[in-house]
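Position 80 of the sequence shown, counted from 1, bears residue number 72 in the numbering used here, the numbering being contiguous throughout.
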Amino acid sequence: MADLFRSQVRFYGKHGQYLEALTPASEKAKDVELPEIERVKYLFNSVVEIYEVAPLIGYLYQRSAEKDGNESTKNIMEGALSNHHDRLLFSYEMLMIIDKGSEPDLNERIRRAFRATDDLAAEGMKIYDAYARGGIEVLYENLIDNAATPDDLIRNLMDFTEDWNSRFLSAVEEVDLDRLLKR
């Protein structure tokens, strides 16, 4: 299997700016001259945490995005990737298995997830990163955009959670495992 998530990840243009808005900036948090919302407006502790979940959010919302610009505005260093390697790899494997749009054959999707050559892994990472950028856009638009106060931020989070529940959880039916296992 190819070596995934071992080198620095770069985000460009608006995606880097959105990541800045979704994560804490220590210099802003200390600047008492800034409005409260600018000092506390974040919902994730680090960019790598967003990078773990954003591709799956992008996939579920069917949002992928191309790289925006040529100038890197936010990076995830190798150390942070290393500390989160297992979760990133799990996210990658899950996305490769469920993304029928990029590969209709289940066996090929499984091969791309678990036994990828360097070329196949590079293609998989392009898909992962495109969905990550789409997921970053979804998170920013639903959580941060138009939040002028901390209360707005909480309201946005509640609205996003309700939307998530109605889209992805309300259709899930409860299964009686005891009945299924007694067959």
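Note that beta-carbon positions come from the ideal geometry of N, C-alpha and C, so glycine has one too.
Query	Result
Express the C-alpha separation of E63 and A13 in angstroms, rounding to a whole number.	18 angstroms
For the region 63 to 78 against the region 116 to 131, do three or more pairs of beta-carbon atoms, one drawn from each stretch, fall closer than 8 angstroms, so that the two count as touching?	no
Since I believe Y43 is in contact with P16 (beta carbons under 8 angstroms), could you give me their beta-carbon distance rounded to a whole number of angstroms?	P16 to Y43, Cβ: 16 angstroms. No contact.
Starting from the C-beta of Y10, find all residues in its chain whose C-beta is less than 6 angstroms away, skip the five residues before and the five after it, and write them out in chain order.	I128 and Y132
Any idea if A72 is buried or exposed, counting beta-carbon neighbours within 10 angstroms, 16 or more meaning buried?	buried
Do the region 79 to 90 and the region 111 to 120 touch if we need at least three Cβ pairs shorter than 8 angstroms?	yes
Please give me, in chain order, every unbroken run of the alpha helix (DSSP H) with length at least 4 that falls completely inside the region 43 to 112.	70 to 75, 77 to 90 and 98 to 106
Please name the residue, chosen from F82, F106, D(-5) and G5, that lies closest to E70 on a Cα-to-Cα basis.	D(-5)
From S56 to L48, what does the alpha carbon distance come to, in whole angstroms?	10 angstroms
Beta carbon of G5, beta carbon of K59: below 9 angstroms?	yes
Taking 7 angstroms as the limit between beta carbons, can you name the residues of its chain near T178, skipping five residues before and five after?	Since the first and last residues shown for the chain are -7 and 175, residue 178 lies out of range.
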